[in-house]
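In the working numbering, the protein residues as written are 3 to 181. Shown next, in structure tokens, is the structure this report addresses.
Following this line, the structure appears as structure tokens:
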């Protein structure tokens with residue numbers, strides 16, 4: 003059975019990195035993976051989204067009809083994709099920016115104020131990594147350690163300070179969710 007997720011937000015919020023890092027970590031765990039990015043011509047400030055499909059068997063299509071998960075980093079993303087999520091799925095909201103809640107009683111809502119948490123850390127650029135910490139904890143698709151190893155592999159470990167802030171940001175999101 004395949005697990006599918008959509009990551010969406012404004013260009014510059016690290017949405018494509020979120021999807022790519024999940025795909026990379028799932029691939030490192032031995033799953034078959036597809037990653038399908040989409041973004042507007044203006045990129046930063048425009049819309050951006052990507053679809054990730056993960057399965058134990060080969061994946062026939064990268065298109066995610068009825069995905070299990072939606073990560074919405076802004077309100078337009080929530081309104082665009084909320085009705086595509088399968089019943090019983092989970093919608094992750096950046097509650098720092100999104101004040102509305104989905105009108106779907108058949109999905110679980112996971113609100114994370116990742117932009118505020120990133121500001122408290124002193125680095126607004128890690129809001130996406132904070133959200134990924136919450137996403138990984140809630141979904142259990144891969145372990146935290148596999149995800150963090152993949153993230154370091156993608157971003158490189160040339161700057162020890164960058165690797166450390168990403169680990170702290172991930173832990174912030176991971177620890178934000180209660181058991």
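Glycine included, every Cβ here is placed at the ideal spot set by N, Cα and C. Quick caveat, the model's predicted, so the values are computed rather than measured.
For residue 105, count neighbouring Cβ atoms within 10 angstroms of its own Cβ and tell me buried if that reaches 16, exposed if not.
One-based indexing of the chain shown puts residue 105 at position 103. Only exposed fits residue 105, as fewer than 16 other CB atoms lie within 10 angstroms of its CB.
Should residue 111 be labelled buried (16 or more other beta-carbon atoms within 10 Å of its own) or exposed?
Position 109 of the chain shown, counting from 1, holds the residue named residue 111. Around the beta-carbon of residue 111, fewer than 16 other beta-carbon atoms lie within 10 Å, marking it exposed.
Spatial distance of residue 98 from residue 175 (CA atoms)
Walking along the chain shown from the start, residue 98 turns up at place 96. Walking along the chain shown from the start, residue 175 turns up at place 173. Straight-line Cα distance between these residues: approximately 13 Å.
Hey, could you find the ends of the alpha helix (DSSP H) residue 17 is sitting in?
To locate residue 17, count along the chain shown from 1; it is residue 15. Per DSSP, residue 17 belongs to the alpha helix (DSSP H) from 17-30.
What residues in its chain sit with their C-beta under 7 Å from that of residue 167, if we drop five residues either side in the sequence?
In the chain shown, residue 167 corresponds to position 165, counting from 1. Result list for residue 167: 125, 128, in chain order.
Among all the DSSP beta bridges, which residues are the ones paired with residue 53?
Taking the first residue of the chain shown as position 1, residue 53 is located at position 51. Its beta-bridge partners are 8, 38.
So what's residue 96 in DSSP terms, helix, strand or just coil?
Within the chain shown, the letter at position 94 stands for residue 96. Three-state result, residue 96: strand.
Are the beta-carbon atoms belonging to residue 72 and residue 83 less than 8 Å from one another?
Position 70 of the chain shown, counted from the start, is the residue given in the question as residue 72. Position 81 of the chain shown, counted from the start, is the residue given in the question as residue 83. Taking 8 Å as the Cβ cut-off, residue 72 and residue 83 qualify as a contacting pair.
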